[in-house]
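One structure below.
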Amino acid sequence: MAGRIRKIKVESHQTPDLTMATLHPHLDRQSEKQLCMFFNGNVKFSLLYKGSFHGFSFTEIQYKCTNQGQIIMVGYLEDGLVLGGCMSKGLINQNTTVKDETAFRFSADQSESVKTSVTTVNFEYNAIRFDSDLRFQQSSVRGNALSVTGSQLEGEKILEELEVYRVEDTCDLLETPWRELTSNEEKRNLLKESVVSYKPPTDVVSQARVLLVGPVGAGKSSFISSVCSVFHGRVSIQAMVGTAARSFTTKFRSYTIKAARGGEATPLVLCDMMGLGETDLSGVRVKDVLHVIKGHMPEGYKFNPSEPISSASKGYVEEPTVKNKIACVAFVLDAGRVSAYPELVQEALKELRLKISDLGVPQVALLTHTDEVCNSVAEDGKNIYQSRVIQNKVYAAGKLLGLPVSCIVPVKNYSSELELNCSTDILILSAVDLILQYVDMFCDECEMSKSAP
Numbered sequence: 001m002a003g004r005i006r007k008i009k010v011e012s013h014q015t016p017d018l019t020m021a022t023l024h025p026h027l028d029r030q031s032e033k034q035l036c037m038f039f040n041g042n043v044k045f046s047l048l049y050k051g052s053f054h055g056f057s058f059t060e061i062q063y064k065c066t067n068q069g070q071i072i073m074v075g076y077l078e079d080g081l082v083l084g085g086c087m088s089k090g091l092i093n094q095n096t097t098v099k100d101e102t103a104f105r106f107s108a109d110q111s112e113s114v115k116t117s118v119t120t121v122n123f124e125y126n127a128i129r130f131d132s133d134l135r136f137q138q139s140s141v142r143g144n145a146l147s148v149t150g151s152q153l154e155g156e157k158i159l160e161e162l163e164v165y166r167v168e169d170t171c172d173l174l175e176t177p178w179r180e181l182t183s184n185e186e187k188r189n190l191l192k193e194s195v196v197s198y199k200p201p202t203d204v205v206s207q208a209r210v211l212l213v214g215p216v217g218a219g220k221s222s223f224i225s226s227v228c229s230v231f232h233g234r235v236s237i238q239a240m241v242g243t244a245a246r247s248f249t250t251k252f253r254s255y256t257i258k259a260a261r262g263g264e265a266t267p268l269v270l271c272d273m274m275g276l277g278e279t280d281l282s283g284v285r286v287k288d289v290l291h292v293i294k295g296h297m298p299e300g301y302k303f304n305p306s307e308p309i310s311s312a313s314k315g316y317v318e319e320p321t322v323k324n325k326i327a328c329v330a331f332v333l334d335a336g337r338v339s340a341y342p343e344l345v346q347e348a349l350k351e352l353r354l355k356i357s358d359l360g361v362p363q364v365a366l367l368t369h370t371d372e373v374c375n376s377v378a379e380d381g382k383n384i385y386q387s388r389v390i391q392n393k394v395y396a397a398g399k400l401l402g403l404p405v406s407c408i409v410p411v412k413n414y415s416s417e418l419e420l421n422c423s424t425d426i427l428i429l430s431a432v433d434l435i436l437q438y439v440d441m442f443c444d445e446c447e448m449s450k451s452a453p
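In UniProt numbering, the protein residues as written are 1 to 453.
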């Protein structure tokens, strides 16, 4: 894509918060319009980091730009050339390579602007690299400075300025919702009562055992804690969560959902386990997931990626009964990464889908971190089914897993909140309601098997 970009001039606009109110972006409005042409739909930029203000340090960039959704880095050289790159989900851990289908790099001068797609974004120590063609880094030739190297440059060039902007969709709400959602106290109470009063439709199954499966950091443990929070009446942490590249959850744990804090247990049991890793030794193996579903995994079993469970493992359940087995599998995917998971994770998810289907176990999917990819959802969860962004993410999840979109629900977990929110509760409870519908399918199969001659 090409377009004329004027020489950069200082102009004050688009400050994201009061602490940035006196900060003047280097990007002028005409140049901003040209960069906006690189995106589908209407977007705007909100300044997150400015080198000359915050300090030319990758530590500051990391601090200001982590968990900010889609961001664009804009570097300015002395000769007027502007170089930059865009990634779909902000900055993440160092020493990580992320496959990003929407990432790109660009260059712009006074005559033209050029956008080039890239396949990976590499987060290195004090550097960010877009494929092998563009690299922003701490300067090796001048202290307290940032520099850039690239295929179109001769050697390392010192940046006069570096800015990072959050890319925001300005028209991400559809005129009519793509799914209906009633969001009020009455609906929340009805959904809660539906879960509390739920009973499996057969005597063969006494509990609705649901296994949450997904990549490391997708939000499996957070969803369990969010469900518990809804029924406890306050935000609480039931299953410990983390943000590390390796799975924070290392043991197989079952959480019985209670009708209230200290109240009676419901038949719903949410099972947590180690997540799928981006390397062979950073997460659970597919074989172990299948052992859990079949009922062989003992409570409290500690996963070891280098040593899958076997019949010789301590506590291994040789002959599992229906009460040991999983009635429904809920895949949990991060909305911000659903189109950018590494190939190893994608292959594991697809293999699990096929093998779980062969076992006859119903499957659904939960799409988490929706508030991080859509500002309208972050502002109010009731916008979730009116969001074009979330709709596209749900379709992307369906494509990845091979699931119909009717089996996929977006949710918003409780993370930093201190108080419950009605819209968030309803999204969580709606997900539980869908899960229980699929548990019923498992129960029906069990009843048929019982009646078969």
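The beta-carbon is built from N, C-alpha and C at its ideal position, and this holds for glycine as well. Computed from a predicted structure; not experimentally measured.
Reference R234, options L427, V377 and C422, closest by Cα: C422
The segment 434 to 452 touching the segment 360 to 369, judged by at least three CB pairs closer than 8 Å: yes
Chain-order list of residues whose beta-carbon lies under 7 Å from that of T243 (same chain, five-residue window excluded): Low per-residue confidence applies at T243: pLDDT is 48, beneath 50, and the placement is therefore not dependable, though the value from the model is reported in the following sentence. So the list reads G217, once near-sequence residues are dropped.
Closest by C-alpha distance to H24, when choosing among G51, E175 and Y414: G51
Nonlocal neighbours in the same chain, by C-beta distance under 7 Å from P342, ignoring five residues either side: K99 and E278
Residue from K192, V432, V148 and N413 with nearest C-alpha to N126: V148
Cα-Cα separation, D169 to A260: 39 Å
Range of the contiguous beta strand (DSSP E) that encloses C328: C328 to D334
Buried versus exposed call for G75 [16 or more other C-beta atoms within 10 Å across all chains shown]: buried
Every unbroken alpha helix (DSSP H) within the UniProt domain "TLDc" (24 to 168), with a cutoff of 4 residues, ordered by chain: 29 to 36, 51 to 54 and 58 to 65
Among V269, M37 and G283, nearest to G275 - alpha-carbon criterion: G283
Nearest residue (CA-CA) to S225, options M441, K412 and F58: K412
Sequence-distant residues of the same chain with beta carbon closer than 7 Å to E32, five excluded per side: F45
The segment 203 to 212 in contact with the segment 100 to 109 per 3-pair CB rule at 8 Å: no
Assumed close pair L212, F223 - CB separation to whole angstroms, cut-off 8 Å: 6 Å
Touch test, the segment 69 to 87 against the segment 152 to 163, Cβ-Cβ under 8 Å, three pairs minimum: yes
Helix, strand or coil at V317 [DSSP, three-state]: coil
Beta-carbon proximity check, G84 vs T66, cutoff 8 Å: no
Cα-Cα separation, K187 to G214: 29 Å
Cβ-Cβ separation, L268 to V195 (assumed contact under 8 Å), whole Å: 6 Å
L366 in three-state terms, based on DSSP: strand
Enclosing beta strand (DSSP E) for S254 [first to last residue]: R253 to K258
For C271, the residue or residues it bridges with in DSSP: L211 and S254
Whole-angstrom distance between E319 and Y385, CA atom to CA atom: 44 Å
Nearest-angstrom Cβ-Cβ length linking V409 and S430, presumed shorter than 8 Å: 6 Å
Cβ shell of Y395 (< 8 Å), same chain only, five flanking positions each side left out: V405
Per-residue DSSP class, three states only, for S302: The residue you asked about is not Ser; residue 302 is Lys in the sequence shown. Looking at K302 - three-state DSSP - the assignment turns out to be strand.
Contact check, L153 vs I426, beta carbons under 8 Å: no
S387 (DSSP reduced to helix, strand or coil): strand
Unbroken alpha helix (DSSP H) run spanning I224, endpoints: K220 to H232
Continuous beta strand (DSSP E) stretch holding I408: start and end: I408 to P410
Beta-carbon spacing of K251, G219 below 8 Å: no
Segment contact flag, the segment 53 to 70 with the segment 307 to 317, C-beta cutoff 8 Å, min 3 pairs: no
Proximity to E264 [Cα-Cα], best of V322, K287 and S197: S197
Which residues DSSP lists as bridging L344, in chain order: Bridge partners of L344: none, in fact.
Cβ separation of A330 and T370, assumed to be a contact under 8 Å, to the nearest whole Å: Not quite, the Cβ-Cβ distance comes to about 16 Å (not below 8 Å), so this is no contact.
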